[in-house]
Amino acid sequence: MKAKNSFDRHSFFEDVFAVVRLIPKGRVSTYGAIAKYLGTGKSSRMVGWAMNASHAAIPHVPAQRVVNRNGLLTGKFHFTTPTLMQELLEKEGVKIEKDTVQNFEKVFWNPADELL
DNA sequence: GAGGTGACTGCGA
DNA sequence: CTCGCAGCCACCT
188 MKAKNSFDRH SFFEDVFAVV RLIPKGRVST YGAIAKYLGT GKSSRMVGWA MNASHAAIPH
248 VPAQRVVNRN GLLTGKFHFT TPTLMQELLE KEGVKIEKDT VQNFEKVFWN PADELL
């Protein structure tokens, strides 16, 4: 196939990036919430996969604010350093313990609830 | 163009 | 909370 990059056309990556960038500082969201908001619904994997390309997104996407439904920093190994994700969140006021967001229900930000 | 992969989720136990 | 199973779909080779 042609060597088409994700940026050759309007892909849902951009939609994911747009939503993630809307996450307020000190808040976090989940892949499922974003997926549902975008309509991908059950395919929350696609959100995670989209985040895989977030490093190349401009402006930068605050992927550290996106965790799985358990509040676990599942994607921290995809950052520059495995500790960067936690450090960024703590710097924003989000408490992290054992790679898990503390008070997750309180800092959770649901796009389908806030944006719609 | 078929097959493999994955930063996930929901449900049952 | 943990463990296991199945479904899900865009992207890459």
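Note that the first sequence covers residues 188 to 303 in my numbering.
Glycine included, C-beta positions come from ideal geometry on N, C-alpha and C.
Beta-carbon within less than 6 Å of Gln289's beta-carbon, same chain only, minus the 5 sequence neighbours each way: which residues are those? Hits under 6 Å: Lys282.
Would you identify the three-state DSSP class for Glu284, choosing helix, strand or coil? strand
Between the CA atoms of Ala205 and Arg252 - distance to the nearest angstrom: Arg252 and Ala205: Cα-Cα distance of roughly 13 Å.
What are the uninterrupted segments assigned as alpha helix (DSSP H) that are 4 or more residues long and contained completely in the stretch 216 to 256, given in chain order? 218 to 225, 231 to 238, all fully within the stretch 216 to 256.
Buried or exposed: Lys263, going by 16 or more other Cβ atoms within 10 Å of its Cβ? Taking all protein chains in view, the Cβ of Lys263 is crowded by 16 or more other Cβ atoms within 10 Å, so the residue is classified as buried.
Endpoints, the alpha helix (DSSP H) within which Pro298 is located: 298 to 301
According to DSSP, simplified to helix, strand and coil, what is Phe266? In the structure shown, Phe266 sits in coil (DSSP, three-state: anything other than H, G, I, E or B).
Buried versus exposed, by CB contacts within 10 Å (16 or more), Arg256: exposed
Measuring straight from C-alpha to C-alpha, what distance separates Pro298 and Pro249? 15 Å
Can you grab the Cα-Cα spacing for the pair Thr227 / Val203, in whole Å? 10 Å
By the three-class DSSP mapping on this structure, what secondary structure does Leu276 have? In the structure shown, Leu276 sits in a helix (DSSP, three-state: H, G or I).
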